Amino acid sequence: MAVLPLLIRRRQRYERQRRRWWVKPWIERRMLFGQYHTLMTEIERECQGNFVNHVRMPPAMFYELLQRITPRIQKSEPGEFYDPYLKILDDCNERYIATTRNKENRYLPNSNEAWTVLVSETQCSSGLSIRINQLSIYTTNDSCTDYLKIEEIGSSRVLFHSCDGKQNYIETAGNGVRISFISDDVHEGSGFQLSHQEKAAIKENQAKVPKTPKVPFLDPFKLVPCHHFSQEKPAPFYVEIHNTALIIMDIHAHVSKTEVIGMLGGCFHGDDQHLEITMAIPCNSISTGLQCEMDPVSQTFACEEINNNRMNVVGWYHSHPTFNPNPSIRDIETQLKFQDYFAQGGFSFIGVIVSPYNRTSPGMCSEFQCLTISSEISPVDKCNMPYSFNYGMIMQPLQSELVMRSINMLAEKYSHDRNRVELLQPYLGDTSCLSKMLESLKDSLEPNSEESTQFLEIVSEIFIMAFGPGKVEARAVPDPELLVSPPDG
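Per numbering that gives the first Met the number 0, the sequence shown starts with residue 0, numbered consecutively.
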């Protein structure tokens with residue numbers, strides 16, 4: 000009789016192991032500390048807070064779950080767990096195992112006769128110089144410590160700082176190969192390989208080059224308050240925005256719970272240093288949950304739309320749905336890259352941030368921040384200082400073809416979006432999100448105007464039909480040629 004409980008316990012243990020069959024392959028495939036914990040967090044979130052439910056998943060269901068949450072894990076920020084592009088793990092101090100982006104494990108021999116370096120095929124062919132970066136070693140107790148800091152010392156050798164603080168050199172053996180290490184501005188999907196150099200030798204040398212101080216980590220999501228121009232530091236130019244462009248940005252920001260993004264068109268009047276923004280073109284975004292990036296295909300369509308209207312690309316906009324319209328560290332970096340790129344052609348480029356649902360805002364109107372980035376470095380935030388423009392508004396006809404086409408496109412697109420704001424649901428008290436949006440649009444319209452009243456009624460009707468009950472039957476499918484960007488899928 001005692002055998003039966005033993006068999007039952009064995010059977011139960013087997014079932015538990017079978018349900019968790021995916022844990023070991025996942026860890027072997029990723030080889031990254033912190034990923035397992037993140038996976039568990041995502042599974043718990045998918046199971047509505049009941050962590051036990053995941054053990055009852057059949058393999059097919061878990062595969063489907065894994066496909067959905069893996070992009071979120073892979074694109075999460077270092078604030079959640081440490082995830083650079085390359086991991087180096089300590090293996091008995093004799094060899095190092097590196098996990099590349101394609102999940103392949105490569106062993107690096109630790110000897111004085113040879114050294115294995117990371118080489119980018121793209122950068123080898125283009126002949127780019129070595130990039131400075133910091134890698135990390137992962138010891139057997141999962142503690143993260145500094146391992147390498149790579150610096151360029153010349154065309155024939157590279158200096159690196161080891162974990163014991165010594166400075167060493169890697170000779171490139173004069174074979175013309177460019178040694179390149181991963182940096183933050185490498186595009187996602189770039190291919191990397193581990194290349195072995197037979198003639199490379201490591202030489203210790205502490206006297207030639209002083210030790211480089213560590214670069215402080217900057218939180219990419221930290222919001223930086225904007226400075227204001229003054230008489231001592233005047234604005235480089237004056238900014239005016241058409242009210243129709245403000246309306247499109249405002250509507251676009253209101254209909255999505257996540258960040259939205261788009262391009263701004265206009266012209267720069269050099270005679271009086273005056274930048275006029277005439278149009279806003281919504282774009283598709285590639286969202287990672289905490290941030291959004293502009294879809295390059297959609298960006299191309301938006302730029303063509305601006306050029307077809309005989310305007311130039313003069314800026315971009317994005318939203319901060321529920322928080323202040325101050326730029327983050329990442330926003331500052333993006334804006335600075337845009338400015339540097341357009342400055343090469345002699346053009347100005349600004350950024351606009353829209354905050355539609357900021358609960359700290361006293362009124363119903365969205366907050367707009369029109370900004371540029373200076374070359375000054377903030378001693379507090381350790382980044383370039385953002386400056387805010389005081390812009391003027393130019394009134395334009397409301398029911399133009401471009402404006403109504405953009406509004407209809409936004410209503411059609413976001414009525415099917417899983418991150419849409421339910422505009423007919425309450426926002427605050429008896430005020431719906433749609434009423435809140437219409438109230439915000441009034442700030443860009445002429446007060447007590449018959450045209451403004453008629454325009455708000457049309458906008459309200461468009462979004463009630465798109466977001467209301469029976470919306471599928473009541474809404475006509477728009478002409479694909481009217482879409483600024485190609486439909487998803």
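Where a beta carbon is used, it is the ideal one built from N, C-alpha and C, also for glycine.
Treat the numbers as computed from the prediction; the structure is a model and nothing was measured.
Apart from sequence neighbours up to five positions away, the residues of its chain that approach Ala234 with a beta-carbon distance below 7 angstroms are Phe228, Phe388, ordered along the chain. By a beta-carbon distance limit of 8 angstroms, Ile240 contacts Ile276. Their separation comes to about 4 angstroms. Going by DSSP, Gln368 is part of the beta strand (DSSP E) stretching over 366-376. Of all C-beta pairs linking the segment 315-328 to the segment 399-415, fewer than three are shorter than 8 angstroms, placing the two stretches out of contact. Restricted to the segment 275-347, the alpha helix (DSSP H) segments that are unbroken, complete and at least 4 residues in length are 295-307, 328-342, listed in chain order. Contact check between the segment 372-387 and the segment 290-303: fewer than three CB pairs, one atom from each, fall below 8 angstroms, which does not count as touching. Only exposed fits Met392, as fewer than 16 other CB atoms lie within 10 angstroms of its CB. Residues Ile280, Cys282, Gln298, Ala301, Cys302, Ile305, Val312, Trp315 of the same chain have their beta carbon placed closer than 7 angstroms to that of Met262, with the five preceding and five following residues left out of the count.
Annotation for Asn383: the continuous beta strand (DSSP E) segment containing it runs 383-387.
Minimum Cα-Cα distance from Pro224 among the listed residues Glu456, Leu6, Pro324, Ser347 corresponds to Pro324. When the Cα atoms are used, Asn407 and Tyr386 turn out to be separated by approximately 34 angstroms.
Between Ile352 and Gln368, the CB-CB gap stays under 7 angstroms. Counting C-beta atoms within 10 angstroms of its own C-beta, Ser448 has fewer than 16 neighbours from the protein chains shown and is therefore classed as exposed. For the set Tyr237, Leu5, Leu245, His226, the Cα lying nearest the Cα of Gln395 is the one of Leu245. The segment 264-273 makes no contact with the segment 429-449; the number of CB pairs closer than 8 angstroms stays below 3.
Here Pro355 is buried, its C-beta having at least 16 other C-beta atoms within 10 Å. Rounded to the nearest whole angstrom, the CA to CA distance from Arg358 to Tyr426 is 11 angstroms.
Within the segment 219-244, the runs of beta strand (DSSP E) that reach at least 3 residues and sit entirely inside it are, in chain order, 237-241.
In this chain, the beta strand (DSSP E) harbouring Tyr426 covers 425-427. Considering only Arg9, Ala252, Thr452, Glu438, the residue with the shortest C-alpha distance to Arg419 is Ala252. Nearest to Glu421 by C-alpha distance, out of Ser451, Ser255, Met293, Leu397, is Ser255. Taking all protein chains shown into account, Thr243 has 16 or more neighbouring C-beta atoms within 10 Å of its C-beta and is therefore buried. A Cβ-Cβ separation of about 6 angstroms places Asp249 in contact with Ser439 under the 8 angstroms criterion.
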